[in-house]
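Undergrad: Numbering (this note's numbering), first residue to last: 1211 to 1615.
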Amino acid sequence: MDGSLRGLRVLDITASVAGPFATQILGDLGADVIKVERVEGGDDTRRWGPPFWCDESPMFLSLNRNKRSLALELKSAAGQEVLRRLIAESDVLVQNLRPGSLAKLGFDYERLREINPRLIYCDMTGYGHTGPLRDRPAYDPLMQAFSGLMSITGEPGRTPVRIPASLLDQGTAMWTVIGVLDALRVRDATGEGSVVQTSLLQTALMWLPSQLTGYLASGELPVKQGSGTQVIAPYQAFPTADGHLVVAAGNDNLWRRLCAAIGRDELSFDARFVDNPSRVANREELVETLSETLRKRTSAEWQEILGETGVPITAIRTLDEVVEDEQVQAVGILARAEHPRIPDFTVINTPICRDGEYLGTPSAPPQLGEHTEEILTELGFRGAEVEELVNSEVVARAGSGRETR
């Protein structure tokens, strides 16, 4: 399926997770994404591991499909000329370098507008674009801590834990893509580009709407809930005879169905548990009581029993179970893709289907500098000029850039 952004060029001057994830989504939507990487080593994620898949980093592979790689030394005058030509012919520029880095190279937004007034410039930062910390770099775990998100993760009385997924990086990427789509609509109307600004801090706060609003309303800090949530009970993981089962009885009707299904009808009439506010107020007794009963059967047995009642439940599964699951296979989000060096290469499709189809056929993540010569030729550099850039180490072809770990 052709993506809606086919015909648009995205200049990707990003590294790590947030920026590459944003540009990968734009590539999945059909844009021609040119990934500008350092000649020396390329994107840091090329060396993040183990594990490695046929000597390539799964982190890099998971964030950089549907892109072309240009290995370019941006600190050189010749490299900056290449970048200038790229900017002139691009629709979108996405960057998440250390704050101020692009401006130090002579490419602040005023200069970008001079080169290309229609350019949409996406500036991704850690702490935001104003304030005393605006120039400070950040990574996902730092912002989980700084934003307060980590203060409510983990079990009560134990050390806070980081959410293992790069939730803030990938969330910021999604907001960036939304911002690009909005800016493209504005450009359609005005003919002019604009600046899209996103940050990990703002994403983190946006992921805490109920917790922040609850604190502003009550002045009470939310507490750690482990696998549960502060305002609903039972709504968490419970031990079974062989594992754990997540039960999400989100209203009083589901609570009554749960009680009947597990043979504990009397609990639905217990004054401590009669409605959700009562269950939340008496959470400890509720968890202890339900755990005592649920430990008597296996997770599979409870899923069979409760599955007929409409009570939302699931066992906590490991990734090997997930990839083999019939439902996961049915939705088709895990798909084989051609890769010149990895025979069984599999991608996780961007979870958008239009008319029942995912967004096109993914191309393999590129080697460092794999498309350098191709891109330079498109920009008007002739053969001798390309060789001069290679020989002077302003650019690198695939195999000549140092990407090994």
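Don't be surprised by glycine CBs; every beta carbon is placed ideally from N, CA and C.
1) Going by beta carbon distance, what residues of the same chain come within less than 6 Å of residue 1218, once the five residues before and after it are set aside?
2) Would you call the segment 1562-1573 and the segment 1589-1607 touching, i.e. three or more CB-CB distances under 8 Å?
3) Should residue 1536 go down as buried or exposed, given a rule of 16 or more other Cβ atoms within 10 Å for buried?
4) Kindly give me the distance between the Cβ atoms of residue 1444 and residue 1457, rounded to whole angstroms, as I take these residues to be in contact under 8 Å.
5) Three-state secondary structure (DSSP) at residue 1235?
6) Indicate whether residue 1204 and residue 1565 have their beta-carbon atoms separated by less than 7 Å.
7) Roughly how many whole angstroms lie between the Cα atoms of residue 1340 and residue 1390?
8) Are the CB atoms of residue 1225 and residue 1383 within a distance shorter than 7 Å?
9) For residue 1541, count the other beta carbons within 10 Å of its own beta carbon; 16 or more makes it buried, fewer makes it exposed. Which is it?
10) Take residue 1523 and list the residues in its own chain whose beta-carbon comes closer than 8 Å to its own, dropping the five residues that flank it on each side.
11) On the DSSP bridge list, what partners appear for residue 1334?
12) Can you check the segment 1228-1276 for any alpha helix (DSSP H) of at least 4 residues that lies completely inside it and give the ranges in chain order?
13) Would you identify the three-state DSSP class for residue 1507, choosing helix, strand or coil?
14) Exposed or buried, what is residue 1357 when buried is set at 16 or more other beta-carbons lying within 10 Å of its beta-carbon?
15) Excluding the 5 residues preceding and the 5 following residue 1648 in the sequence, name in chain order all residues of the same chain whose CB lies nearer than 6 Å to its CB.
16) Helix or strand or just coil, what does DSSP make of residue 1222?
17) Could you tell me the alpha carbon to alpha carbon distance between residue 1424 and residue 1441, rounded to whole angstroms?
18) Do you know offhand how far residue 1230's Cα is from residue 1489's?
19) Going by beta-carbon coordinates alone, are residue 1589 and residue 1295 separated by less than 7 Å?
20) Does residue 1538 pass the burial test, meaning 16 or more other C-beta atoms within 10 Å, or should it be called exposed?
21) With three or more beta-carbon pairs closer than 8 Å as the criterion, would you say the segment 1329-1340 touches the segment 1408-1427?
22) May I have a chain-ordered list of the alpha helix (DSSP H) segments no shorter than 4 residues that lie completely inside the segment 1523-1572?
23) How is the alpha helix (DSSP H) around residue 1483 delimited, first residue to last?
24) Can you find at least 3 beta carbon pairs, one from the segment 1393-1405 and one from the segment 1322-1330, that sit closer than 8 Å?
25) Rounded to whole angstroms, what's the CA-CA distance from residue 1253 to residue 1291? Just pull it up for me.
26) Taking residue 1449 as part of the beta strand (DSSP E), name the residues at either end of that continuous run.
TA: Well, looking at it:
1) If you number the sequence shown from 1, residue 1218 lands on position 8. Only 1241 and 1301 meet the Cβ criterion.
2) no
3) The residue labelled residue 1536 in the question sits at position 326 within the sequence shown. The residue is exposed, with fewer than 16 neighbouring Cβ atoms inside 10 Å.
4) Mapped onto the sequence shown, residue 1444 falls at position 234. Mapped onto the sequence shown, residue 1457 falls at position 247. Residue 1444 to residue 1457, Cβ: 5 Å. Contact.
5) The residue you call residue 1235 lines up with position 25 of the sequence shown. Residue state, collapsed to three classes: helix.
6) Within the shown structure, residues of the chain are numbered from 1211 to 1615, placing residue 1204 beyond reach of any answer.
7) For the purposes of this step, residue 1340 is identified with residue 130 of the sequence shown, where counting begins at 1. For the purposes of this step, residue 1390 is identified with residue 180 of the sequence shown, where counting begins at 1. The straight-line gap from Cα to Cα measures roughly 21 Å.
8) Numbered from its first residue, the sequence shown carries residue 1383 at position 173. Numbered from its first residue, the sequence shown carries residue 1225 at position 15. No, they are not a contact pair.
9) Position 331 of the sequence shown, counted from the first residue, corresponds to residue 1541. Under this definition residue 1541 is an exposed residue.
10) Working through the sequence shown from its first residue, we reach residue 1523 at position 313. These residues qualify, in order along the chain: 1455, 1456, 1457, 1458, 1512, 1513, 1516 and 1517.
11) To locate residue 1334, count along the sequence shown from 1; it is residue 124. Answer is 1408.
12) 1228-1238 and 1268-1273
13) Position 297 of the sequence shown holds residue 1507. Coil at residue 1507, not helix or strand.
14) Here residue 1357 refers to the residue found at position 147 of the sequence shown. Looking at its Cβ environment, which holds 16 or more other Cβ atoms inside 10 Å, residue 1357 is buried.
15) Outside the displayed range of the chain (1211 to 1615) lies residue 1648, so it cannot be described from this structure.
16) Position 12 of the sequence shown, counted from the start, is the residue given in the question as residue 1222. Three-state result, residue 1222: strand.
17) Locating residue 1424 in the sequence shown gives position 214, where the first residue counts as 1. Locating residue 1441 in the sequence shown gives position 231, where the first residue counts as 1. Computed Cα separation, rounded: 10 Å.
18) One-based indexing of the sequence shown puts residue 1230 at position 20. One-based indexing of the sequence shown puts residue 1489 at position 279. When rounded, the distance between both Cα atoms is 44 Å.
19) Numbered from 1 along the sequence shown, position 379 holds the residue referred to as residue 1589. Numbered from 1 along the sequence shown, position 85 holds the residue referred to as residue 1295. Going by C-beta atoms, residue 1589 is nearer than 7 Å to residue 1295.
20) Translated into the one-based positions of the sequence shown, residue 1538 becomes position 328. Exposed.
21) yes
22) 1529-1533 and 1536-1541
23) Here residue 1483 refers to the residue found at position 273 of the sequence shown. Run containing residue 1483: none; DSSP gives neither H nor E here.
24) yes
25) Taking the first residue of the sequence shown as position 1, residue 1253 is located at position 43. Taking the first residue of the sequence shown as position 1, residue 1291 is located at position 81. Computed Cα separation, rounded: 21 Å.
26) Position 239 of the sequence shown, counted from the first residue, corresponds to residue 1449. Start and end: 1445-1449.
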